[in-house]
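The numbering used here puts the sequence shown at residues 698 to 907. Here's the structure we're looking at; comments come further down.
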Amino acid sequence: NWRALRLYRELFNIRRAVLPRVLSLTQIARLAEHDVVPLEVFGFGSLCIMVEGRCLLSSYACGRSPNNYGACSPAESVEWIPTPQGLETRVAGILIDRFTAAESAGYPTLCKGRFRVANQIRHVFEEPTSLNTLDLLPNLAAIGIQAIKLEGRQRSPAYVTQVVRTWRAALDAYQSDPQRFAPEGAWKRALSELSEGQQTTLGAYARVWR
698 NWRALRLYRE
708 LFNIRRAVLP
718 RVLSLTQIAR
728 LAEHDVVPLE
738 VFGFGSLCIM
748 VEGRCLLSSY
758 ACGRSPNNYG
768 ACSPAESVEW
778 IPTPQGLETR
788 VAGILIDRFT
798 AAESAGYPTL
808 CKGRFRVANQ
818 IRHVFEEPTS
828 LNTLDLLPNL
838 AAIGIQAIKL
848 EGRQRSPAYV
858 TQVVRTWRAA
868 LDAYQSDPQR
878 FAPEGAWKRA
888 LSELSEGQQT
898 TLGAYARVWR
C-alpha cells in the first residue's frame, strides 16, 4: 500500500518501487495516485502463481528457498535425461515432467510440472505460460508507470536480446504516437517464441478469474 511505500521512502530513501506481479491494474493505479515514489512493474517473463517469497515447493525439493537463494529450481538441481519414453525433467531427482519429441520442454519448476493425480497426468498447479503486458502498455503509461521490468535472470543472451529489442521497438512506437499505438503482430510472435509453452497471459493485471 502507499503508506508502506512512504515509510520505506522516509526510512531508507528508496527512489523506486518494483511492484509484485500479483497486483491488478486497479490496485497499481491506486498506488500511483499517491505519487510516493516512481513505480516499476513486471512486463515480460516467467509468471509465478504463488504469493511471491512464500513458495515452499523449491525448498521442499532442493532445500533452498527462492526468496533467499534468488532462484527456484537451482541450475545444479536440474537434470534433462533422454529416455525411450521421452525427455525427462528432474529437479533434485524428482521427476516433474516428460516431453515427447513433438513437445517443447517447459521451464523446470515444480509448479509447472505434470504429475499423476486421480490416475491422470496433467498440470496440477499451472500450465507453462509467460507474462506479457505488451497489450497493456497504454494503460500502464496512463497510470504513470515509470519503468517496465523484463526478466533476464537465468536467461540466455539470445533471450535477453530478443526481448529487449522487441520491447524497445514497442516503447518507441508508443512514445512517437500514443493515440494510434497498437502492438504489432511481429512483436507478439517474437515474444511468444520465448514464452513458456509458447503461451502468454496478462496474469493478475487482468484478474480474468474475478
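Yeah, the Cβ is synthetic: ideal placement off N, Cα and C, and Gly gets one too.
Counterpart residues of residue i in DSSP-defined beta bridges
i	result
F796	L784
Burial state of residue i (16 or more Cβ within 10 Å)
i	result
G742	buried
T723	exposed
V788	buried
G803	buried
R813	exposed
Y937	One cannot answer for residue 937 here, as it falls past the ends of the chain, which runs 698 to 907.
L837	buried
Y757	exposed
S774	buried
P854	exposed
A867	buried
For residue i, three-class secondary structure by DSSP
i	result
V715	strand
T826	coil
I725	helix
P779	strand
T898	strand
F709	helix
N743	First, the residue type needs correcting, since residue 743 is Ser and not Asn in the sequence shown. Strand.
R862	helix
Q817	strand
E773	helix
V738	strand
W906	At W906, the pLDDT of 47 sits below 50, so the modelled position is not reliable and the matter cannot be decided from this model.
L847	strand
I840	helix
R910	Summary: the structure shown does not reach residue 910, with the chain confined to residues 698 through 907, and so no result is reported for it.
Distance CB(residue i)-CB(residue j) smaller than 7 angstroms
i	j	result
L828	G783	no
A883	Q859	no
G894	T830	no
G891	L807	Before going further, note that residue 891 is Leu rather than Gly in the sequence given. Cβ distance not < 7 angstroms, so L891 and L807 don't count as in contact.
R718	V734	no
P771	C752	no
I778	E785	yes
E823	K809	yes
P880	D832	yes
A768	Q851	yes
Whole-number beta carbon distance between residue j and residue i, since they are thought to touch under 8 angstroms
i	j	result
L736	L728	6 angstroms
I842	V715	With 8 angstroms as the limit, I842 and V715 do not qualify as a contact, their Cβ atoms being about 11 angstroms apart.
P835	P875	7 angstroms
R819	D794	Contact doesn't hold; Cβ gap of about 11 angstroms is too wide.
T797	Q896	Incorrect: roughly 18 angstroms between the Cβ atoms, too far for contact.
I725	I840	6 angstroms
C-beta neighbour in chain D for residue i, strict 7 angstroms
i	result
L704	No chain D appears in the structure shown, which is made up of a single protein chain.
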